[in-house]
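Student: Sharing a structure here in structure tokens format.
Given below as structure tokens:
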């Protein structure tokens, strides 16, 4: 339900390359495009990785990201963002106009 409230068909949504597989299926069924963002060696998608994806897309002339979906702890890796990493990610999303959905199902 949150996906349909936040995104429209054609929107580009960032997800962690090792993220929960159902996100891909749901977003594709809704007509969204996926941006698979590589995770760090700690299996995290932080502001560092997202900033690299944003920059790469700008350089390649690709559409801007409209959203980011993460779960914490990450499924299937179990990686968790620190409070500072989460804050930096939220700040970057706000600066770039990216809707950030944090799936906290495991808390």
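Numbering (our numbering), first residue to last: 69 to 175.
Cβ coordinates follow ideal geometry from the N, Cα and C atoms, glycine included.
Could you spell out where the alpha helix (DSSP H) holding residue 94 opens and where it closes?
Tutor: For residue 94, the enclosing alpha helix (DSSP H) begins and ends at 89-97.
Student: Output the distance between the C-alpha atoms of residue 77 and residue 96, rounded to the nearest integer angstrom.
Tutor: 9 Å
Student: What's the call for residue 143, buried or exposed, on a 16-neighbour Cβ count within 10 Å?
Tutor: Per the 10 Å Cβ criterion, buried.
Student: Rounded to the nearest angstrom, how far is the Cβ of residue 83 from that of residue 100, given a contact under 8 Å?
Tutor: Incorrect: roughly 10 Å between the Cβ atoms, too far for contact.
Student: Nearest by alpha-carbon distance to residue 140: which of 111, 166, 94, 79 is it?
Tutor: The closest CA to that of residue 140, considering only 111, 166, 94, 79, is found on 111.
Student: Taking just the CA atoms, how far does residue 126 sit from residue 86?
Tutor: 23 Å
Student: Helix, strand or coil: how does DSSP classify residue 101 here?
Tutor: strand
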